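Down below is the structure, laid out as structure tokens.
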Amino acid sequence: MAVYRRGYQRYQGPLSSRGSRLLVLPKFAWERLMQTRLVVIIFVLAMFWPVACAVFVYLSNHTELLQGFGPQAAQLLKIDGNFFVVFMNTQSMFAIVLSAFAGPSLIAPDLANGALPLYFSRPLSRTEYILSRMLVLIGVLSPITWVPGVLLFLMQSSMAGGTWFSENWQLGVGIFFGFLLYILLVSLVAMASSAYVRWRIIAGALVLGVFFILAGAAELVNEVLRVEWASALNPVRAMNQIWRSMLGAEPIAGPEAYQCFIVILVMTGLLLAVLQRKLRPVEVVS
Amino acid sequence: MTPVIELKDLRVKLGRREILQGISCRLGVSGAGKAIGLLGPNGAGKSTLILSLLGFHKASGGSARILGLDCHAQAREVKARVGYMPENEAFIADMSAVRFLRIMGELSGLPPRVALERAHEVLFHVGLGEARYRPLGTYSLGMKQMAKLAQAIMHGPELVILDEPTNGLDPAARARMLKLVVEMKQEHGMSIVLCSHLLRDVEEVCDEVVILKDGRIAHHANLEEERRANRRFVELEVSGDDRNFAASLREHGIEGVSEGGGRWRIVLPPELELDVIWRLVGRENLEVNRLTHRRDTLEEIFLKAVGHIKRTAGEAAKPVEEVTADGRL
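Written as structure tokens, this is what we have:
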């Protein structure tokens, strides 16, 4: 029967599982994001470096192709923790830019249009809403962060052999968990900005500001006070130090990895507090 | 029988201010398809009560149950069985109505295919079928209200909470909205909670009414019973000799008060119809100059409940103890 002739009937059929409802918001958000040209462009650009790294890994395992460059060329192509740290640092920049464009469209429109009461009047808790929105960013950032990172690691393992894998398996674990921690931080920054500022463009600028202005501010404090601890306030640098520790690479000068980890945890807590405060179905003015 | 809403000494504080100050009542019967009107002046606590029922505000004391489920401890089960139409604009502006309803349906637990089908069905049902692919931001106010209603009934809830559903609607759209609400309860057996400032809307749709004032229940009435019990008030103006008219009225068990100059205030018992008055007027050879006949309105009940008037028109017509034998004051 044609839909306009059916008339309204109350639904009495089976309901979907609680877990699958968590994917409802991400499903529709991914669809919308993939219709945004700018997001797709950044997404594609972010794939170039992993491809370049894959070529690098291939060449490092086929040094005979570099004979024309002399014997030192093969020495430079060493796949170790430092290589993956460079890879992660590069991809982390794309992740920030991508989250600055994709993140604000997640929560800001819901707040601006008063949609939260509609969500929260359904069987969806605030935690589930945050988790759903975070899943959107996890889904968008994963293909440019840990997925290519782990693929590169597996590619190197398959080419270099079992001995290399058994000696360097912690690199794969470090890439995975290092990027997960980073995605958590970036997602929370994007969501908190989106929740704090209801205008998408300003929220996007705020995301970039958190990362780049904090970096500048941290350096300023270091210079003015002639200290090094302020580097931990630079989230990019703090993550870099944590990754270096996880991947067994040479640490950079400044606060140690565990100190950076504590700072990142505090930032995460603060961002969650912002979300907790801002994401309410109704605003209470007391 | 499970009440639709059961409140026991419900107290809700927002900041340091206690908005709901110990409300207790049992409203409606689950599955009976009745509508409950929620009335009260601004700041009476209507919205706070609705938001507390939805679990948005935590009770500082007492308890609230919907369809037998605790609103706080069983919030998820409650929300699965309730549809909510908020007062304020609530949608995603650049999203089409179909997409919006699909999301809302899937969040309520409808499988994706069912949600898509029902999104179309429900939009046709509320009269937005032709506009269902248009972004919600381009809708008129009336269409937005209908879209909000559509999302509230998308998953076929047992209870639908409507907060000011006719706000800003023109008369035609208002009539359509009220018709849909009546259909929801009569044809689909849904229980309705209707919160409105428009007493006529509540009177038209609701079977039961709760009037809140200063965070307490000022009046709780079954409108049907109230209407039946409500003594009907007739204002009559006649010319001619009306001295025996009071006695004639009394013969039929009708209370009447003469105000002089041929003006009478008469209270018609529920079992009698207006034609009795006409017959008595004819028997007394009186000429009717004016006759107004009406029941106590919800407005009068409301105004009395919130303390703006002391008595309703029907009640005002019955100072029987002050009436003399000949029916004069």
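In the order they appear, the protein sequences are chains A and B.
For the record, in the first sequence the residue sitting at position 130 is 159 according to my numbering, with numbers rising by one throughout.
For the record, in the second sequence the residue sitting at position 323 is 1086 according to my numbering, with numbers rising by one throughout.
Built from N, CA and C at the ideal position, the CB exists for glycine as well.
This one's a predicted model, so the numbers in the text were calculated from it and none came from an experiment.
DSSP bridge partner residues for residue i (one or two, in chain order)
i: residue 223 of chain A; result: In the DSSP output, where bridge partners are listed per residue, residue 223 of chain A has none listed.
i: residue 826 of chain B; result: B:771
i: residue 848 of chain B; result: B:925
i: residue 964 of chain B; result: Per DSSP, none; premise fails for residue 964 of chain B.
i: residue 1093 of chain B; result: This structure leaves residue 1093 of chain B out entirely; chain B is present only between 764 and 1092.
i: residue 776 of chain B; result: B:781
i: residue 150 of chain A; result: Residue 150 of chain A pairs with nothing; no bridge assigned.
Spatial distance of residue i from residue j (CA atoms)
i: residue 1019 of chain B; j: residue 980 of chain B; result: 33 angstroms
i: residue 938 of chain B; j: residue 918 of chain B; result: 24 angstroms
i: residue 925 of chain B; j: residue 857 of chain B; result: 24 angstroms
i: residue 50 of chain A; j: residue 288 of chain A; result: 38 angstroms
i: residue 1026 of chain B; j: residue 1009 of chain B; result: 12 angstroms
i: residue 244 of chain A; j: residue 894 of chain B; result: 49 angstroms
i: residue 819 of chain B; j: residue 825 of chain B; result: 16 angstroms
i: residue 251 of chain A; j: residue 813 of chain B; result: 53 angstroms
i: residue 816 of chain B; j: residue 838 of chain B; result: 9 angstroms
i: residue 164 of chain A; j: residue 844 of chain B; result: 27 angstroms
i: residue 269 of chain A; j: residue 194 of chain A; result: 23 angstroms
i: residue 232 of chain A; j: residue 778 of chain B; result: 29 angstroms
i: residue 1036 of chain B; j: residue 998 of chain B; result: 14 angstroms
i: residue 807 of chain B; j: residue 1068 of chain B; result: 12 angstroms
i: residue 40 of chain A; j: residue 944 of chain B; result: 17 angstroms
i: residue 1003 of chain B; j: residue 1050 of chain B; result: 6 angstroms
i: residue 226 of chain A; j: residue 137 of chain A; result: 7 angstroms
i: residue 855 of chain B; j: residue 144 of chain A; result: 7 angstroms
i: residue 799 of chain B; j: residue 64 of chain A; result: 45 angstroms
i: residue 899 of chain B; j: residue 260 of chain A; result: 47 angstroms
i: residue 272 of chain A; j: residue 207 of chain A; result: 6 angstroms
i: residue 53 of chain A; j: residue 181 of chain A; result: 31 angstroms
i: residue 958 of chain B; j: residue 1033 of chain B; result: 29 angstroms
i: residue 59 of chain A; j: residue 971 of chain B; result: 46 angstroms
i: residue 75 of chain A; j: residue 310 of chain A; result: 36 angstroms
is_contact[residue i, chain B] using C-beta, thresh 9 angstroms
i: residue 68 of chain A; result: no
i: residue 41 of chain A; result: yes
i: residue 160 of chain A; result: no
i: residue 308 of chain A; result: no
i: residue 219 of chain A; result: no
i: residue 146 of chain A; result: yes
i: residue 226 of chain A; result: no
i: residue 164 of chain A; result: no
i: residue 111 of chain A; result: no
i: residue 138 of chain A; result: yes
i: residue 255 of chain A; result: no
i: residue 133 of chain A; result: no
i: residue 273 of chain A; result: no
i: residue 54 of chain A; result: yes
i: residue 153 of chain A; result: yes
i: residue 38 of chain A; result: yes
i: residue 251 of chain A; result: no
i: residue 241 of chain A; result: no
i: residue 223 of chain A; result: no
i: residue 311 of chain A; result: yes
i: residue 142 of chain A; result: yes
Chain A within 9 angstroms of residue i, Cβ atoms only
i: residue 914 of chain B; result: yes
i: residue 884 of chain B; result: yes
i: residue 1086 of chain B; result: Residue placement at residue 1086 of chain B is flagged as unreliable, the pLDDT there being 37, under the threshold of 50; the coordinate-derived value follows with that caveat. Closer than 9 angstroms: no.
i: residue 835 of chain B; result: no
i: residue 708 of chain B; result: The structure shown does not extend to residue 708 of chain B, since chain B is modelled only from 764 through 1092, so no value can be given for it.
i: residue 818 of chain B; result: yes
i: residue 839 of chain B; result: yes
i: residue 853 of chain B; result: yes
i: residue 873 of chain B; result: yes
i: residue 927 of chain B; result: no
i: residue 845 of chain B; result: yes
i: residue 877 of chain B; result: yes
Cβ-Cβ separation, residue j to residue i (assumed contact under 8 angstroms), whole Å
i: residue 922 of chain B; j: residue 830 of chain B; result: 6 angstroms
i: residue 782 of chain B; j: residue 978 of chain B; result: 5 angstroms
i: residue 267 of chain A; j: residue 236 of chain A; result: Between residue 236 of chain A and residue 267 of chain A the Cβ distance is about 17 angstroms, and since that is not below 8 angstroms, they are no contact.
i: residue 170 of chain A; j: residue 129 of chain A; result: Actually they do not touch by this definition, with Cβ atoms about 12 angstroms apart.
Complete alpha helix (DSSP H) runs within the stretch 231-305 of chain A (minimum length 4 residues, chain order): 264-276
Quick check on the DSSP output: what are the complete alpha helix (DSSP H) runs of length 4 or more inside the stretch 163-229 of chain A, in order along the chain? 175-189, 191-225
Jot down the residue ranges of each uninterrupted alpha helix (DSSP H) in the stretch 893-943 of chain B, minimum 4 residues, whole runs only, in chain order. Within the stretch 893-943 of chain B, the alpha helix (DSSP H) runs of at least 4 residues that lie entirely inside it are, in chain order, 904-916.
What alpha helix (DSSP H) runs, 4 residues minimum, are completely inside the stretch 945-1028 of chain B? 962-968, 986-992, 1008-1014
Using a Cβ-Cβ cut-off of less than 8 angstroms, list which residues of the stretch 999-1018 of chain B approach chain D; keep chain order. Reference to chain D is not applicable here, since the protein chains of this structure are A and B.
In the stretch 1034-1076 of chain B, which residue ranges form an unbroken beta strand (DSSP E) of at least 3 residues, counting only runs that do not cross its ends? As for any beta strand (DSSP E) of minimum length 3 sitting wholly inside the stretch 1034-1076 of chain B, the runs are 1050-1057, ordered along the chain.
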